[in-house]
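Chemist: Would you mind keeping the following structure in view while I ask a few things?
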Amino acid sequence: MMRSRTARADELAEVQRIEVASGAPFREIGMADVADMPPLPLDVLAAAQRAGRVRVVVDGVDRPVGFAVLDLVDGCAHVQQLSVDPAYARRGIGR
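Here is the structure:
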């Protein structure tokens, strides 16, 4: 069963891997510029994680398969980045 929780600091490299992997489908539809975008830098992710603004969706063994980085814009929650590992795509994880 999938569940969501706050990301741990030791998972940020996996968050980057998921972000890179999630770009592959864009290449398949001719959007290589999106597919080739670098992931959020570790220092940016670390600051967001320390502030409790990185959420991960984890599989049955507590391994991240998707994530969201949240921010505040004009006092309202804003999704800065949302990515799902392509192996777990089309299951409603990003909704």
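The sequence shown runs 0 to 94 under numbering that gives the first Met the number 0.
Even glycine gets a Cβ: it sits at the ideal position worked out from N, Cα and C.
1) Leaving out five residues before and five after residue 6 in sequence, what residues of the same chain have Cβ atoms less than 6 Å from its Cβ?
2) To which residues does DSSP link residue 71 through a beta bridge?
3) Note down, in chain order, each residue of its chain lying with its Cβ closer than 7 Å to the Cβ of residue 11, except the 5 sequence neighbours on either side.
4) Is it buried or exposed for residue 32, if we count other Cβ within 10 angstroms and need 16 for buried?
5) Is the region 59–68 in contact with the region 81–92, if contact means three or more CB pairs nearer than 8 Å?
6) Classify residue 18: buried if its beta carbon has 16 or more other beta carbons within 10 angstroms, exposed otherwise.
7) Within 10 angstroms of its Cβ, does residue 21 collect 16 or more other Cβ (buried), or is it exposed?
Modeler: Let me lay it out:
1) 48, 53 and 55
2) 76
3) 41, 44, 45 and 48
4) exposed
5) yes
6) buried
7) buried
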